[in-house]
Structures are given as structure tokens and as C-alpha cells.
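Asker: Structure incoming, see below.
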Amino acid sequence: ISDDGRTKPIPKNKSQHTQRAEDLCLFRARLGDKKISTVVHAKEVNKFQLAYASVLKANMIHLKKRERKTAVEGKRKVASTSKPKKT
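So that you can map any letter, position 46 of the sequence shown is 46 in UniProt numbering, and since no number is skipped, the others follow by simple counting.
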């Protein structure tokens, strides 16, 4: 579309606008300051999601397990009540 700012925009080529484009999905991911993105055809979205899920599951073993607050507090209470102090 060309526009000189004074008149209505006039399409350059009508044939490009009438063609039906294939449906695409854009996936974006970010980790810290790194960003990636990919475009997937609509027919292949399920295949992509299965592959993506398998990658996530395979790499979850590298994550550190964090202690829950209730478990930490429970351990503190047990530790403080189980050992009597010597005087």
C-alpha cells in the first residue's frame, strides 16, 4: 500500500491481497536475555507441541528440587522438640 499522507492509500497489487495465505502459528520463548521464535504451520501444531513437551520433560531432571515452606517449618519443629537440652 502506498500512501503519500495527503490522499487515501491505494493498494499496489490487488492480486496479492486476494490470495488466501496458509494459517501459521508463531511460538516465542525467552530465557533471561535470550529469545527464540519459530513459525509452525497450523497442520503441524500438534506434532510441534508433542516434540516440545518431550524436550521439556527430558530436561526437567536437571532442575533443582526446592523445599516447601511447610516441610521446612515441620523439620524445624521436629528438630527443636525431639532433642531435649542438657543443663
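Beta carbons: idealized from backbone N, C-alpha and C, even for Gly.
Every value quoted in this text rests on a predicted model; they were computed, and no experiment measured them.
Could you check the C-alpha separation between glutamate 44 and serine 54 for me, to the nearest Å?
Answerer: 16 Å
Asker: Could you tell me how far apart the beta carbons of leucine 26 and valine 39 are, in whole angstroms, since I believe they sit closer than 8 Å?
Answerer: 6 Å
Asker: Which residues share a DSSP beta bridge with arginine 30?
Answerer: Lys35
Asker: For leucine 56, which three-state DSSP category applies?
Answerer: helix
Asker: Please report the straight-line C-alpha distance between leucine 31 and lysine 65, rounded to a whole angstrom.
Answerer: Their Cα atoms are separated by approximately 19 Å.
Asker: With distances taken Cα to Cα, identify the nearest neighbour of alanine 42 among Asp23, Met60, Glu67.
Answerer: Asp23
Asker: In whole angstroms, what separates the C-alpha of asparagine 59 from that of alanine 21?
Answerer: Their backbone Cα atoms lie some 36 Å apart in a straight line.
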